[in-house]
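Report on the following structure.
Numbering (full-length UniProt numbering), first residue to last: 1 to 250.
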């Protein structure tokens, strides 16, 4: 039975069609969870919990989807699945205040080291913060989870809003409005990206433009997944801070 017939049967209340559609589109949930999951529990949520939340989002998308609008279900469902997961995580408010404070200090230390043209290694960050290397690793792990949740948060500009993700995506993937905003600040953003190392830029490009998972990037670059996660986290933390500073001069 093809998908068109499944949708017809589903809209008539067929439980069998519902199960078949869930199976047919479960890859959407897997894709979204793989993009969010960092290898560690996020608050009280493990990977199976995220999958369960994603399935809830998938079911809601199925209930509200109208094939007559001419939009592919994958296109319609993906942001709703992601939204269901991220909303649940945000509502839990899982990062303690001391961890949030540590992440902010980590961001500042990364920028200070970069300003002095020093690579922000875990050892140098530990020295700058006056904490152990293990503490820095813990903060980076939490920061990586925080980055995943905040990449789609809007950054205010005088003309509208952009997200960090918008600043590193191809312009062809943006809406006309986003493309206009990006064009206004393209030069500044390009300069900020050029302050990242070649490896950092490569990891960001593979993750956001090519949409590879951290695991796939680790295999491609022949580095551990943990190392790729660290590179990604440090790059995004630095980019966020640089962009925030640049905004004040706009």
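Cβ coordinates follow ideal geometry from the N, Cα and C atoms, glycine included.
The beta carbon of residue 87 sits closer than 6 Å to no other beta carbon from its chain once the five residues preceding and following it are set aside.
Non-local C-beta neighbours of residue 114 in its own chain, meaning closer than 8 Å and more than five positions away in sequence, comprise 120, 195 and 238, ordered along the chain. As for any alpha helix (DSSP H) of minimum length 4 sitting wholly inside the region 92-130, the runs are 97-115 and 122-129, ordered along the chain.
Taking C-beta atoms as the reference points, residue 241 and residue 111 count as a pair closer than 8 Å. Listed in chain order, the alpha helix (DSSP H) elements of length 4 or more contained wholly in the region 33-92 are 47-64 and 73-92. Taking a contact as a CB-CB distance under 8 Å, the pair residue 54 and residue 29 counts as one, their CB atoms being some 4 Å apart.
In the three-state reduction of the DSSP assignment, residue 211 falls in the coil class, being assigned neither a helical nor a strand state. Between residue 80 and residue 105, the beta carbon gap of about 35 Å keeps them out of contact (Cβ cut-off 8 Å).
Judged by DSSP secondary structure, residue 222 falls outside any alpha helix (DSSP H); it is assigned neither H nor E. Note on geometry: alpha-carbon atoms of residue 12 and residue 205 lie some 44 Å from one another. Rounded to the nearest angstrom, the gap between the Cα atoms of residue 66 and residue 6 is 13 Å. Residue 2 carries a coil assignment under DSSP once its states are collapsed to helix, strand and coil.
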